[in-house]
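Student:
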Amino acid sequence: MEIETLILSPFQTNTYLISKNGKVLVIDPADEGERIGNKLVQEGKEVSLIIATHAHPDHIMGVKNLRRIFPAPFYLHEEDLFLLKGDFNEWTPLFIDQEIEHPTHLFKDEETLNWEGEEIKILHTPGHTPGSIVIMIQEYLFSGDTLFCGSVGRVDLPGGDWEKLKSSLKKLFQIKGDYFIYPGHGPPTFIEEERINNPYVQEALKE
Numbered sequence: 169m170e171i172e173t174l175i176l177s178p179f180q181t182n183t184y185l186i187s188k189n190g191k192v193l194v195i196d197p198a199d200e201g202e203r204i205g206n207k208l209v210q211e212g213k214e215v216s217l218i219i220a221t222h223a224h225p226d227h228i229m230g231v232k233n234l235r236r237i238f239p240a241p242f243y244l245h246e247e248d249l250f251l252l253k254g255d256f257n258e259w260t261p262l263f264i265d266q267e268i269e270h271p272t273h274l275f276k277d278e279e280t281l282n283w284e285g286e287e288i289k290i291l292h293t294p295g296h297t298p299g300s301i302v303i304m305i306q307e308y309l310f311s312g313d314t315l316f317c318g319s320v321g322r323v324d325l326p327g328g329d330w331e332k333l334k335s336s337l338k339k340l341f342q343i344k345g346d347y348f349i350y351p352g353h354g355p356p357t358f359i360e361e362e363r364i365n366n367p368y369v370q371e372a373l374k375e
C-alpha cells in the first residue's frame, strides 16, 4: 500500500491517494479533480473509492470532476449533509469551474469497509462539523480537520462545537498504539506527539 499526498485548493488542503493493486482510494479530493483523474489514468491506476472526512468545500470540491473520469462510490457522514445545502458563496469563487457533488453512500455511525483486502475503520468525530470522521487504515489515521499537528479544527463555522470536539479527542486518544496521523491541513505527525505537545488535546484530556 502506497500513500501520496497532494496539497490542493486555495486552502492548502491535503488530498491523499492510497494505492494498492492498481486501485486508488482518494481521501478529501479538495480541488482539481480532473487533474487528479488524468494523473491516475497516466499511471494506469483506477479510483475505486472516495471518502471525505467532512463536507466543507475545501475537502470535496474535486469530487465531481474526479467522478466524471472514475465514477467511484463517494462516502460522507450523513450528519454533514446539511452543509451541502449551505451558502458557499464565500467559498466557491475560489474553486474555478467546480461544483458540489452529493455522496452516493452515507456513513450513519462508526463503520468498517473492506477495500482491496484492507480494513478501513470509520470513527465518527463530531466537533469541527457534526459529521466529521477519522479514517483508520493499518497504522495510519487520516484525521481530516479533527486533529492537526499542534492544533485542532476550528469550531466557529456552522455546526462547529468545541464540547463535541473535546469528546471526540478523548475518544481518539483512547486508541492504543502510536498511529501516524495524516491531517487535513499541514504536516503529518504521530498521535503520541500530539498527546504530549498539543495544547488543545491536553485541555480535552484533562477533563
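Plus 168 on top of the position in the sequence shown (first one is 1) and you've got my numbering.
Idealized CB from N, CA, C, for every residue including glycine.
Just so you know, these numbers come straight off a predicted model, no measurement behind them.
Quick check for students: name the residue ranges of the beta strand (DSSP E) that lie wholly in the region 277-310, counting only runs of 3 or more.
Tutor: Segments of the beta strand (DSSP E) lying fully in the region 277-310: 279-283, 286-292 and 301-305.
Student: Taking glutamate 183 as the reference, which of Phe316, Arg363 and Gly312 has the closest Cα?
Tutor: By one-based count along the sequence shown, residue 183 stands at place 15. In the sequence as presented, glutamate is not what sits at residue 183; that position holds threonine. Selected option, being the one with the closest Cα: Gly312.
Student: Assuming valine 231 and glutamate 214 make a contact with CB atoms under 8 angstroms, what is their CB distance in whole Å?
Tutor: To locate residue 231, count along the sequence shown from 1; it is residue 63. To locate residue 214, count along the sequence shown from 1; it is residue 46. With 8 angstroms as the limit, valine 231 and glutamate 214 do not qualify as a contact, their Cβ atoms being about 16 angstroms apart.
Student: Using a Cβ-Cβ cut-off of 6 angstroms (strictly less than) and excluding sequence neighbours within five positions of lysine 332, which residues of its own chain qualify?
Tutor: Walking along the sequence shown from the start, residue 332 turns up at place 164. Only Pro294 and Gly295 meet the Cβ criterion.
Student: Quick one: what's glutamate 214 bridged to in DSSP?
Tutor: Position 46 of the sequence shown holds residue 214. In the DSSP output, where bridge partners are listed per residue, glutamate 214 has Lys191.
Student: Starting from tyrosine 368, trace the alpha helix (DSSP H) both ways and give me its first and last residue.
Tutor: Within the sequence shown, the letter at position 200 stands for residue 368. From DSSP, the alpha helix (DSSP H) with tyrosine 368 extends over 367-374.
Student: Once DSSP output is grouped into helix, strand and coil, what is the label at isoleucine 268?
Tutor: Sequence index remark: in the sequence shown, residue 268 carries index 100 (1-based). Coil, per DSSP.
Student: With C-beta atoms as the reference, is aspartate 248 less than 8 angstroms away from threonine 297?
Tutor: The residue given as residue 248 occupies position 80 in the sequence shown. The residue given as residue 297 occupies position 129 in the sequence shown. Yes. Within cutoff.
Student: Would you mind sorting glutamate 200 into buried or exposed? The rule is 16 or more other CB atoms within 10 Å of its CB.
Tutor: Position 32 of the sequence shown, counted from the first residue, corresponds to residue 200. The residue is buried, with at least 16 neighbouring Cβ atoms inside 10 Å.
Student: Is phenylalanine 341 helix, strand or coil when you go by DSSP?
Tutor: Start at 1 with the first residue of the sequence shown, and residue 341 comes out as number 173. Three-state DSSP puts phenylalanine 341 in coil, outside helix and strand.
Student: Here's the rule I'm using: 16 or more other beta-carbon atoms within 10 Å means buried, otherwise exposed. How should arginine 235 be labelled?
Tutor: Mapped onto the sequence shown, residue 235 falls at position 67. So arginine 235 ends up on the buried side.
Student: Using the three-state DSSP reduction, which class does glycine 201 fall into: helix, strand or coil?
Tutor: The residue given as residue 201 occupies position 33 in the sequence shown. Three-state DSSP puts glycine 201 in a helix.
Student: Would you please state the rounded distance, in angstroms, between the beta carbons of tyrosine 347 and glutamate 307? I believe it to be under 8 angstroms.
Tutor: Reading the sequence shown from its first residue, position 179 is the one you call residue 347. Reading the sequence shown from its first residue, position 139 is the one you call residue 307. The pair is a contact, with the Cβ atoms about 6 angstroms apart (cut-off 8 angstroms).
Student: Taking the alpha carbon of valine 320 as the reference point, which residue from Ile195, Lys253 and Tyr368 has its own alpha carbon closest?
Tutor: Residue numbering aside, residue 320 sits at position 152 when the sequence shown is read from its first letter. Cα-wise, what sits closest to valine 320 is Tyr368.
Student: According to DSSP, is leucine 208 part of a helix, a strand, or is it coil?
Tutor: Residue mapping note: residue 208 aligns to position 40 of the sequence shown, counting from 1. Helix.
Student: Can you give the Cα-Cα distance for methionine 170 and phenylalanine 310, rounded to whole angstroms?
Tutor: Here residue 170 is taken as the residue at index 2 of the sequence shown, counted from 1. Here residue 310 is taken as the residue at index 142 of the sequence shown, counted from 1. Sequence inspection shows glutamate at residue 170; the methionine mentioned does not correspond to that position. Rounded to the nearest angstrom, the two C-alpha atoms are 14 angstroms apart.
Student: With 16 as the cutoff for other CB atoms within 10 Å, does threonine 280 come out buried or exposed?
Tutor: Start at 1 with the first residue of the sequence shown, and residue 280 comes out as number 112. Exposed is the call here.
Student: Along the chain, where does the beta strand (DSSP E) containing histidine 245 start, and where does it finish?
Tutor: As a working mapping, residue 245 is identified with position 77 in the sequence shown. Unbroken beta strand (DSSP E) run through histidine 245: 242-245.
Student: If you draw a straight line from the alpha carbon of glutamate 202 to that of glutamate 269, how long is it in whole angstroms?
Tutor: Within the sequence shown, numbered from 1, the residue matching residue 202 stands at position 34. Within the sequence shown, numbered from 1, the residue matching residue 269 stands at position 101. Computed Cα separation, rounded: 14 angstroms.
Student: Could you tell me the distance, in whole angstroms, from the CA atom of lysine 334 to the CA atom of isoleucine 301?
Tutor: For the purposes of this step, residue 334 is taken as residue 166 along the sequence shown, with counting starting at 1. For the purposes of this step, residue 301 is taken as residue 133 along the sequence shown, with counting starting at 1. Those two C-alpha atoms are separated by around 14 angstroms.
Student: Quick one: measure Cβ to Cβ for glycine 352 and histidine 227, integer angstroms, because I've assumed they're closer than 8 angstroms.
Tutor: Indexing the sequence shown from 1 puts residue 352 at position 184. Indexing the sequence shown from 1 puts residue 227 at position 59. Right, their Cβ atoms sit about 7 angstroms apart.
Student: Comparing C-alpha positions only, which one of Arg363, Phe316 and Pro326 sits nearest to proline 356?
Tutor: In the sequence shown, counting from the first residue as 1, residue 356 sits at position 188. Checked all of Arg363, Phe316 and Pro326; the closest Cα to proline 356 is Phe316.
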